[in-house]
Amino acid sequence: MSREGQKLDGAGGGAGIGVLSLDLLGQVLDRLREPRDRKACRLVSRAFERAEAAHRRALRVLRREPLPRLLRAFQALERLDLSACASLDDASLAAAVAGAGGGLAGLRRVCLARASGVGWRGLEALVAACPRLEAVDLSHCIGAGDREAAALAAATGLRELRFDKCLAVTDMGLAKVAVGCPRLEKLSVKWCREISDIGIDLLAKKCPELRSLDISYLQVGNESLRSISTLEKLEELAMVGCSCIDDEGLELLSKGSNSLQHHWQHNFLMLTFDLFETLIPSKKLLLFQSVDVSRCDHVSYQGLASLIDGRNFLKKLHAADCLHVSWSPQHYLLCTLISSFFCTYNAKCPIFYVTNKMEIGQRFLSKLATLKETLTVLKLDGLEVSDSLLQAIGEGCNNLVEIGLSKCSGVTDEGISSLVARCSDLRAIDLTCCNLITNNALDSIADNCKMLARLRLESCSLINEKGLKHIATCCPNLKEIDLTDCGVNDAALEHLAKCTELRILKLGLCSSISDKGIAFISSNCGKLVELDLYRCNSITDDGLAALANGCKKIKLLNLCYCNKITDSGLGHLGSLEELTNLELRCLVRITCIGISSIAIGCKSLIELDLKRCYSVDDAGLGVLARNAFNLRQLTISYCQVTGLGLCHLLSSLRCLQDIKMVHLSWVSIEGFEMALRAACGRLKKLKMLTGLKTVLSPELLQMLQACGCRIRWVNKPLVYKED
Amino acid sequence: MEMEGGMSSLETAMKASSSMASGTARNADPDQQTIRSNSVEQFYFPRPGQSLPGIPSFFGPPSSSLYLPNDNEAKVGNQFEPNPSQNTDWDPQAIVSNLTFLEQKIKQVKDIVQAMSNRENQVAGGSCELAAKQQLITADLTSIIIQLITTAGSLLPSMKNPLLSSNPAVRQLSNTLGSPMGFGVNTDQRPSIDSKTDGPDTGKASGYEELINSLNTTQDERDELIKCPNPCGGEGSEPTPMEDHDVKESDDGDHEGENLPPGSYVVLQLEKEEILAPHTHFCLICGKGFKRDANLRMHMRGHGDEYKTAAALAKPTKDSGSEHAPVTRYSCPFVGCKRNKEHKKFQPLKTILCVKNHYKRSHCDKSYTCSRCNTKKFSVIADLKTHEKHCGRDKWLCSCGTNFSRKDKLFGHVALFQGHTPALPMDDVKVSEASEQPQGSEPMACFPCSSSDGISNLDMKMADDARGYYSPLSFDPCFGALDDFTRPGFDISEDPFSFLPSGSCSYGQQN
């Protein structure tokens, strides 16, 4: 895109662009996907800058400091994302909002997820400045409570609100919102454990427009469902982990729906159930399109069966992790009902998840055949499967697009070949930990599934380059392949290099892979985005040089325990401008020189893992502090840094929110104290040794907590490293 | 109330025995009642238990052939009482003889009753005679019951059968009679009465007296009946609706849930004066009023020895025949009230207490004011007391200023009224403000983010660390780029740098 900008420049000069109307330029900008391209345009021409100022609708702010200026500059904003805005607090938010003048009049959506520093004052200011506010996301602001809810309740036009994990929100806060925002359509109060039936009842009475409600993990009981059943427009209800809700409540729900049948019929699209023991079979004609019964500890087949019974147009059934379901007569019931359901209503059922700890019986097999053409996604993760089952699936479900057999025992070559024989549309196959399969299975996959895009073969150690060769030649669309722990070698990579569309390549624990293999990949797979070379310890700097040369688009790179890598290797990586996540765990040879080339070169770096990089010292941190301005997550456990380096780092990195610093034996208590005080307002997560808990000053810890920082204490003895 | 406890076991024992007597007693009940209704006028009628055993009735010559309570009792007593060892033995012969005796006696009573009913059909008058007859029958039945109980009691020691003892009636019996002496226990509970009773049978079996008393108490109920004016008259021979009003009711009058079909109950309406009268039980001799019947009975002792007998003092018990009587409900005298019988959707009140509470709450001034809040007023003193228990503890506040003692009440209120919203407790705000105040006022002594000049203010005590790592130089670059954060139009009283640690200056102390 920057090239395009240059072209435009070349054609008419800077003034040429100025001739175009702001509208047109805005259209151009709208079509730019990459933020850095937009930035390039902005930098190239003032006209673009003006156009962007007038046209920009969405803004994601990463730092607190430019916030007032940005809000002043972009007057047409509709969506503001402050979730990654480091060290945002009440005062800065209020100041920025006040400074923006009328610029926020059009603002509709604000995301404040994890902005734990923002309290009710900031929210009050925000709400006061944004009269058209429609959606606020306050999820994971752990400190947020009733007062914050009350502040938001002043936004009368609010339609969407997320309170996920706002642990201090109680019935009072909910009541405030319910009364203040009568037009609420979507509300999530997931994990707000203080909310009780009374609050939900009031909500149901005051917010009749609710279409989506998430009450997962609340301690509410059946009474809540009685109230909820009066919501006529409800389409989506999630109640994962509501352990106090049982059959009775579900019955209430269906009774309520009975009286409101007409309203519900076309609205009830998704119902997420968790823990229901037996749902009384109800003959209501509800239109559940998706049912998620994952993590249902006590779900039984009767429950599922009655759920399915009478609900046509079910689109998804997700029954992952149903712990207490076992092979039993009820199983038969389920199968019968599922099949009768599918047969009766002939509904389109593209997805069927039956995951974990369910045994598949012969009955199921026979019934699967009846699903025939409707099923497109089948996940049988963690099940005991047999060849005959796979064959039945293959024969029955010809339109399968995705099959998940992760951690299924009993998957063999024969099973796979009979499965894929008639499922030529398969695009995603997950065979994680199916360690019985060999090249034969890969051959049959390659022969039948020409459209294959995703193949996961983690821990399938019997496969080798021959099988992969077949895959690579027959499946040109392959975008993702997971070969973790498959023991593949350079020859396999040579074959895989034919897949030029490859985006994700995972080669963890394949220690025989060398620079040669990496060179094959880098020469052909220019679109690679994610590369996992965990413990591929034959890889040296040359491999990285080839990689940096060929795969410029890499965003995620894992080089943990590739201990032959030195500073010069990291020097090559410095050319990967788009790199966001880099894991360099236990690269003992790298020093501040390597770190500096990364910090300077990889401008987009967000996450960096330097755990056990013993040679990284204060100088390394210093370079990071000066250059890696976007760094949000950092692990420096076991590094040889001192308090000085730490202070420098923590006081400079404005975006840093999450730091793990365990076993920093060179850092004195004062060092920790000062460093943490320096970063106090912006840290959200902290991992430290438990020993520090008592020696750090209590007011510092209080302060950290008040700023919304969660500290994870690691209970290990402090190791003093003599060097 | 202690007495009540003592009596209740006897009552149940009686019931048990009456049921054992193959319904004889029960069959006799309606007749008994019929007769009793005639004696409505008699407030303190000499009771059979007290007059009959020794003193010949002055109402008429008892037919000596069948009325020999003393003898019977003596016989029974002699048979069982003096010999405790016999008690424990199973003696079929004794039981057979007892039963035959009972049979005869029941037949006799039956005859009398039949004769009475025939006579009633012919002549309506002669109430005096009838009353006497009724006394006789009562006494007879009493003795029958006693006989039965003693017979059954003799079996008790041998009843170790769990099946039998699991029967509550039997258990009651054994409670009453199961002591080795058969009758020792209950007399202990009422020594005062025991000492006061004089009669031929006192020495023989004090337990009998208990039973008789308990039987006679049924008669006390008539006294109760007087106190509620009976619209049905009670003059005729038809059974009088009766209900024991002395039994404690749950004090609230809200019994709407029962939904009796109209016509299935008798409606009584008390006058306003009666409802509001402080006393409901009046002494007929001196006119003193009492709230409780028991107090009246205690008072009556002062009026003569005849009121001192156990029977006179015994608590009136629930009439065994009340189950046959139609259900009684009450109407509020206030015309237009839903509880008034003229009302279209009349909802009757269940007990007299309900009537009183309802009338006071709905149609009287609220004269009791809460001394704590001085706002809430009540017309029933119990309501005031209930309120005072909770007064001042209202912590759930609505935006309209209304207080609630319970969250669900507040939420119900909020749900009901448009625009009302729960008010968050104000102390919450104060606390959070207080906690943020010191942060704001904290001097910017230490470094982060304040300004690049802040570095000079750094507490250099840190430098005395052995490693001497604290070189301000290394800080310079990072602070150069620091906060260009200005405050355009900043109108919030708090300091924007409130994130600064509160104890920034306290480093030296840490060393």
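Keeping their order, the protein sequence lines are chains G and Z. When the letters of the first sequence are read in order and numbered with UniProt numbering, they come out as residues 1 to 723. When the letters of the second sequence are read in order and numbered with UniProt numbering, they come out as residues 1 to 511. The beta carbon of each residue, even a glycine, is placed where N, CA and C say it ideally should be.
Check	Outcome
Boundaries (first-last residue) of the alpha helix (DSSP H) holding V414(Z)	407 to 416
Nonlocal neighbours in the same chain, by C-beta distance under 7 Å from E342(Z), ignoring five residues either side	V335
For G145(G): DSSP bridge partner residues	A168(G)
Buried versus exposed, by CB contacts within 10 Å (16 or more), A115(Z)	exposed
Nearest-angstrom beta carbon gap, C433(G) and S406(G) [assumed within contact, 8 Å]	7 Å
Residue range of the unbroken beta strand (DSSP E) whose run includes A58(G)	58 to 60
Proximity of A144(G) and R109(G) at Cβ, strictly below 7 Å	no
Whether G601(G) touches S575(G) by CB criterion (7 Å)	yes
First through last residue of the alpha helix (DSSP H) which encompasses R42(G)	35 to 44
Cβ-based burial, K291(Z) [other Cβ within 10 Å; buried from 16]	exposed
Residue range of the alpha helix (DSSP H) that includes L570(G)	567 to 573
Interface residues of the region 156 to 189 of chain G facing chain Z [CB-CB below 9 Å]	D171, M172, G173, A175, K176, A178, V179, G180
CB of N489(G) within 7 Å of CB of S512(G), strictly	yes
V113(Z) versus Q269(Z), V96(Z), Q135(Z), S97(Z), residue with shortest Cα-Cα distance	Q135(Z)
Nonlocal neighbours in the same chain, by C-beta distance under 7 Å from E271(Z), ignoring five residues either side	P333
Cβ of L71(G) within 7 Å of any chain Z Cβ	no
Residue environment, G23(Z), which counts as buried when at least 16 other CB atoms sit within 10 Å	Residue confidence for G23(Z) is low, a pLDDT of 41 falling below 50, so the modelled location carries little weight; the figure read from the coordinates is stated next. Exposed, since its Cβ has fewer than 16 Cβ neighbours within 10 Å.
Local conformation of T412(G) per DSSP, three classes	coil
Pairwise C-alpha distance: R114(G) and V662(G)	23 Å
DSSP-derived helix/strand/coil call for R69(G)	helix
Three-state secondary structure assigned by DSSP to S596(G)	helix
Backbone CA spacing between K248(Z) and L213(G) [nearest angstrom]	Its pLDDT being 37, under 50, K248(Z) is placed unreliably in this model, and the value from its coordinates should be taken loosely. Distance between the alpha carbons of K248(Z) and L213(G): 50 Å.
Residue-chain proximity (P422(Z), chain G), Cβ-Cβ < 7 Å	yes
L123(G) beta carbon less than 7 Å from that of E148(G)	yes
For L93(G), three-class secondary structure by DSSP	helix
Residue of E388(Z), S371(Z), V380(Z), N374(Z) minimising C-alpha distance to H358(Z)	V380(Z)
Chain-order list of residues whose beta-carbon lies under 7 Å from that of T635(G) (same chain, five-residue window excluded)	D609, L610, K611, K660
Cβ contact (3+ pairs, closer than 8 Å) linking the region 416 to 424 of chain G and the region 439 to 453 of chain G	yes
Strand pairing of P422(Z), partner residues [DSSP]	C398(Z)
Under 9 Å by beta carbon: chain Z residues contacting D567(G)	Within 9 Å Cβ-Cβ: nothing; D567(G) doesn't reach chain Z, min ~22 Å.
Residue from S538(G), I403(G), S424(G), L62(G) whose Cα sits closest to the Cα of V385(G)	I403(G)
Sequence-distant residues of the same chain with beta carbon closer than 8 Å to R132(G), five excluded per side	A105, G106, L107, R108, G157
Cβ neighbours of A76(G) in the same chain (closer than 7 Å, five flanking residues each side left out)	A54, H55, R56, R57, G106
Rounded straight-line distance, which links the Cα of A151(G) to that of D428(Z)	Confidence at D428(Z) is low in this model, with a pLDDT of 45, below 50, so the placement of that residue should be treated as unreliable; the coordinate-derived value is given next. Each residue's Cα considered, the two are about 14 Å apart.
Close-in-space but distant-in-sequence residues of the same chain around R211(G) (CB under 8 Å, 5 per side omitted)	E185, K186, K233, L234, E235, E236, N267
Residues of the region 143 to 156 of chain G with Cβ closer than 8 Å to any Cβ of chain Z, in chain order	D146, R147, A150, A153
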